[in-house]
Amino acid sequence: MSALRQVLDEVRSGRARGLDDLARRVGVSRDEASAMVDHWVRKGRLDVTDLSAACSSGGCGSCPSGDHGSPGCGTTGPVLLAISVRQP
Amino acid sequence: MLLEKPCCVDGEDAAPVGAPRVVLVGNPNVGKSTLFNALTGARQHVGNWPGKTVAVASGEWRPGAGPAVGLVDLPGTYSLVPDSPDEELTRELLVDADRRPELVVAVLDASNLTRNLYLAAQIADTGVPVVVALTMVDVARSRGLDVDPDALAGALGVPVVPVVPRSGQGVDVLAGVVASALTAPAPFAAPSLGAALDGAVASVEPGGPASRWRALAALESADGPAREVAVGLVEPGTPDDEVAEEVELLVAEARYAWAHRVLETAVRRRGDRVTWSDRADRVLTSRWFGLPIFLAVMWGVFEATTSIAAPLQDAVQNLFDGPVSDGLGWVLGAVSAPEWLDGLVQDGLVSGVGQLLSFAPLMAIMFVLLAVLEDSGYMARAAFVVDRLMRVVGLPGKAFLPIIVGFGCNVPALAGTRILRNPRQRLLMNLIIPFVSCSARLTVYVLLAGIFFGNQAGTMVFGMYVLSIALVVGMGWVLRRVLFRDLAHEPLLLELPPYRRPALRVTAMQTWQKLRAFLRTASGIIVATVTVVWLLSSLAAPGAAAGSSFGHVAPEESLFGSVSRAVAPVFAPAGFDDWHASAALITGFVAKEAVVATTAQTYSAEEPADVHQAGALGPALRDTFTATSGGHVVAAVLAFMVFLLAYTPCMTTVAAQRQEIGTRWTLAGIVMQLGVAWVLAVAVFQVGVLLS
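Residue numbers (my numbering), protein chains in the order written: chain Y, 1 to 88; chain P, 1001 to 1692.
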């Protein structure tokens, strides 16, 4: 199986704990694993979601200091990225 | 090729007519526009591309000693298979025969080379001559990646020039290389995709400009004359409607394999660098230590919050009980205010608002500490740890996010469940989020813990939060096994962000936003409920003592008091069957912010002189719980706090729930919350009595 298909397979199985772990399991660099995840996101097979507890749950638009959809505080907090299989 | 007008600003073009066109192509955020600015300086303008709504910057650039060229900064693109109008424009420009540029400067980010090489491979397929500008070499180096430009040039077969667009370093070299490439253009040799694919491409190439790109596009769409060749590429038995997708995947695999070979040649990795962040994460997100560390951190937050805030709270409370109350009393006396107004202001507003404002320092300190944890990146680790716990009990992986939001306020947490795609998952989360202890409940915990647990107040408050998490997880587990057996496990991969030093400005802003929101919401609720409670407390209930009239009725014989007294016996098994307690819980159903105010108000109306003495609310509460619990005060107070944690948070939450899951499930949720709260409170009191 190619590295590209393995990336999708690993995310589907839920075995990998993060990008580094995913890269190790597939036998590619972190950079390659990240690019392949993005490839599947573009193809509509995976979702990448910012999981932020720090900012307003409605995003910058609902934050009182939000500025035209951008963070009015000048920065966003460090957030988790959740990569999951996109449901039909 | 003549330069067309790339822009439509004032109908003018920044480049001389007839000059060659050079386009900058690259992924978003690779420094492309900074490079464009460095190359063109002020000789540029921005406007929509003719016939498109895509904004493009163009300008004049004189590379080296050569003639001026028209330089176009195309929008950042990840792929020439377009996903957006921006990417569509780049594809059209590189593939359409009558608009192709003389040269592409492919701007590649050395720190994310794979996805950049993927785009480079697609550009190569168009057959346009290419020069590579390599950016972010320093960023790559800081990540332990040494990119060798010469080796990269050898692997790609095109010139590669490292540049630092911000400082202009390498720009002169790039200019010289571009000038040479324009003089003697050489196409970017398309990467081999393997014998089978290369053969298939050769067999369907239409000839002319971008011939290979067009052949690949035909194969990837598996349409027309190329379909037969495409079918020959895929596994026998592949369904007809999956042939195109399978060929597209084969091409992508081949491009990534080529990128991998280029990386092997041109990039040297300085071992598996283990950063301090990696080392910290091994401990903080460890399977065994992650959760205990998270709990210890949160205990520290509540302990520090309650101990630092205690003297500040006393100071604010003393201010209201003393100068503010006395001053308002004097003013009301001076204007000969009616007795009812004096009662409303002194017993209602001053008591309620004073109690609320005394929590402002506590909230501010807690919000500061939480903002520091969030901004440092620790909260993301905490979420990672909690996520694992959620998975263990079978809740959906992403469920922890609305739960964390719920510790601030349940209402946005309910809206936050929309990140879950499965409606059944959203329903489950909507039913358990009210058990997440919001900041309004914190005020009651702190009041009672301060009165009854002294130095252990912080630990008790922390215990309530642990109980809240246990309730969420426990109820989720029960509901999952009783009503939601159909929910399947949703695999999820979480990527931790790097740690960073918290910024003072961000911390201050987050603290102020949350404190302002709390005070704004709470003050409105307090004034409204205090007024309503005062009104109901001033009205005599049917059967009140003779002579009772509006404003002249014993509190327990008022309409509010009698309703509270009627409810109170329900709490007898839990040890707090007193009308003051049930009155606070009744207004707490409307909003938890009102609980402390109502408590102060009911005691104040009863014994105004006593309760307006600083710290007098404590003895009054102690007397009440002693009387109702038969001397088992601690058990009764704990039972009260547990009931307060578990029953319906507020009417706003009910409204939000109704919007998310409908009336039927909302009502079922209220019944469940009241039932769970009562059972737990009774259990806590009865066990407490047995143990004491």
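We put the CB at the ideal spot given by N, CA and C, even for glycine.
Leaving out five residues before and five after residue i in sequence, what residues of the same chain have Cβ atoms less than 7 angstroms from its Cβ?
i, result
"residue 1484 of chain P", "1424 and 1428"
"residue 1380 of chain P", "1496 and 1497"
"residue 1649 of chain P", "1410, 1434, 1438 and 1592"
"residue 1692 of chain P", "1632 and 1635"
"residue 1226 of chain P", "1204, 1218 and 1219"
"residue 1594 of chain P", "1525, 1526, 1529, 1587 and 1588"
"residue 1067 of chain P", "1019"
"residue 33 of chain Y", "7, 19, 22, 23 and 26"
"residue 1151 of chain P", "1265 and 1266"
"residue 1502 of chain P", "1372, 1375 and 1376"
"residue 1436 of chain P", "1403, 1406, 1407, 1410, 1413, 1468 and 1472"
"residue 1169 of chain P", "1163"
Under 6 angstroms Cβ to Cβ from residue i, same chain only, skipping five residues before and after it: list those, please.
i, result
"residue 1033 of chain P", "1073"
"residue 1643 of chain P", "1677 and 1681"
"residue 1342 of chain P", "1332"
"residue 1365 of chain P", "1305, 1308 and 1309"
"residue 57 of chain Y", "With a pLDDT of 49 at residue 57 of chain Y, under the threshold of 50, the modelled position of that residue is not reliable, and no figure is offered here."
"residue 41 of chain Y", "48"
"residue 1302 of chain P", "1458, 1461 and 1462"
"residue 1614 of chain P", "Below a pLDDT of 50, predicted positions are generally treated as unreliable, and residue 1614 of chain P, at 42, falls in that range; the measurement from the model is reported next regardless. Within the same chain, residue 1614 of chain P has close Cβ partners 1318 and 1321."
"residue 1140 of chain P", "1110, 1111 and 1147"
"residue 1672 of chain P", "none"
"residue 53 of chain Y", "With a pLDDT of 49 at residue 53 of chain Y, under the threshold of 50, the modelled position of this residue cannot be trusted; read the value that follows with caution. There are no such residues."
Assuming residue i and residue j make a contact with CB atoms under 8 angstroms, what is their CB distance in whole Å?
i, j, result
"residue 1126 of chain P", "residue 1107 of chain P", "Actually they do not touch by this definition, with Cβ atoms about 16 angstroms apart."
"residue 1656 of chain P", "residue 1414 of chain P", "4 angstroms"
"residue 1432 of chain P", "residue 1476 of chain P", "5 angstroms"
"residue 1625 of chain P", "residue 1494 of chain P", "Not confirmed; about 45 angstroms, so no contact."
"residue 1389 of chain P", "residue 1473 of chain P", "7 angstroms"
"residue 1210 of chain P", "residue 1201 of chain P", "That belief does not hold up - the Cβ atoms of residue 1210 of chain P and residue 1201 of chain P are roughly 12 angstroms apart, past 8 angstroms."
"residue 1660 of chain P", "residue 1443 of chain P", "Contact doesn't hold; Cβ gap of about 26 angstroms is too wide."
"residue 1182 of chain P", "residue 1246 of chain P", "Not a contact, Cβ separation roughly 40 angstroms."
"residue 1171 of chain P", "residue 1038 of chain P", "6 angstroms"
"residue 1305 of chain P", "residue 1362 of chain P", "6 angstroms"
"residue 1114 of chain P", "residue 1031 of chain P", "Their Cβ separation, rounded to whole angstroms, is 17 angstroms, which puts residue 1114 of chain P and residue 1031 of chain P out of contact at 8 angstroms."
"residue 1153 of chain P", "residue 1147 of chain P", "Not a contact, Cβ separation roughly 11 angstroms."
"residue 1175 of chain P", "residue 1064 of chain P", "5 angstroms"
"residue 1035 of chain P", "residue 1133 of chain P", "6 angstroms"
"residue 1128 of chain P", "residue 1104 of chain P", "5 angstroms"
"residue 1071 of chain P", "residue 1090 of chain P", "At roughly 15 angstroms, the Cβ-Cβ gap does not stay under 8 angstroms, so residue 1071 of chain P and residue 1090 of chain P are not in contact."
Below 8 angstroms CB to CB, which residues in the same chain sit around residue i once its five sequence neighbours on both sides are set aside?
i, result
"residue 1079 of chain P", "1087, 1118, 1119 and 1122"
"residue 1 of chain Y", "9"
"residue 12 of chain Y", "85"
"residue 1500 of chain P", "1375, 1376 and 1377"
Following a CB-centred definition, is residue i positioned closer than 7 angstroms to any heavy atom of the ligand SAH?
i, result
"residue 1533 of chain P", "In terms of ligand content, the structure shown is empty, and the ligand SAH therefore cannot be addressed."
Three or more C-beta pairs below 8 angstroms linking the segment 1161-1170 of chain P and the segment 1185-1200 of chain P: no
The segment 1563-1576 of chain P / the segment 1683-1690 of chain P touching (three or more Cβ pairs under 8 angstroms): yes
Residue ranges of each alpha helix (DSSP H) within the segment 1584-1655 of chain P, 4 or longer: 1593-1606, 1608-1611, 1617-1629 and 1633-1646
Secondary structure, beta strand (DSSP E): runs of 3+ residues fully inside the segment 1286-1349 of chain P: none
Complete beta strand (DSSP E) runs within the segment 1133-1157 of chain P (minimum length 3 residues, chain order): 1145-1147
Length-filtered (4 minimum) alpha helix (DSSP H) runs lying within the segment 1052-1129 of chain P: 1085-1095 and 1113-1126
Secondary structure, alpha helix (DSSP H): runs of 4+ residues fully inside the segment 1192-1240 of chain P: 1195-1204, 1211-1221 and 1227-1233
Contact the segment 1244-1262 of chain P vs the segment 1278-1285 of chain P: 3+ CB pairs below 8 angstroms: no
Whole runs of the alpha helix (DSSP H) within the segment 17-43 of chain Y, excluding any shorter than 4 residues: 19-26 and 30-42
Short-range partners of chain Y found in the segment 1458-1472 of chain P, where Cβ spacing is below 9 angstroms: none
Under 7 angstroms (Cβ pairs) to chain P, residues found in the segment 32-47 of chain Y: 32, 35, 36, 38, 39 and 42
Any 3 or more C-beta pairs closer than 8 angstroms across the segment 1561-1569 of chain P and the segment 1505-1519 of chain P: no
Members of the segment 1104-1118 of chain P near chain Y, C-beta cut-off 9 angstroms: 1111, 1112, 1113, 1114, 1115, 1116, 1117 and 1118
Against chain Y: residues of the segment 1065-1090 of chain P by CB proximity under 9 angstroms: 1078, 1079, 1081 and 1083
Cβ contact check for the segment 1352-1359 of chain P and the segment 1314-1322 of chain P: 3 or more pairs under 8 angstroms: yes
Residues of the segment 1484-1504 of chain P whose Cβ lies closer than 9 angstroms to any Cβ of chain Y, in chain order: 1489, 1490, 1491, 1492, 1493, 1494, 1495, 1496, 1497, 1498, 1499, 1500 and 1503
Proximal residues, the segment 11-27 of chain Y versus chain P, C-beta separation under 7 angstroms: 11, 12, 13, 14, 16, 18, 19 and 22
Members of the segment 1184-1206 of chain P that neighbour chain Y once the beta carbon cut-off is set at 9 angstroms: none
Where the segment 1646-1671 of chain P meets chain Y: residues whose CB sits under 7 angstroms from a CB there: none
Residues in the segment 1208-1229 of chain P having any Cβ partner in chain Y nearer than 9 angstroms: none
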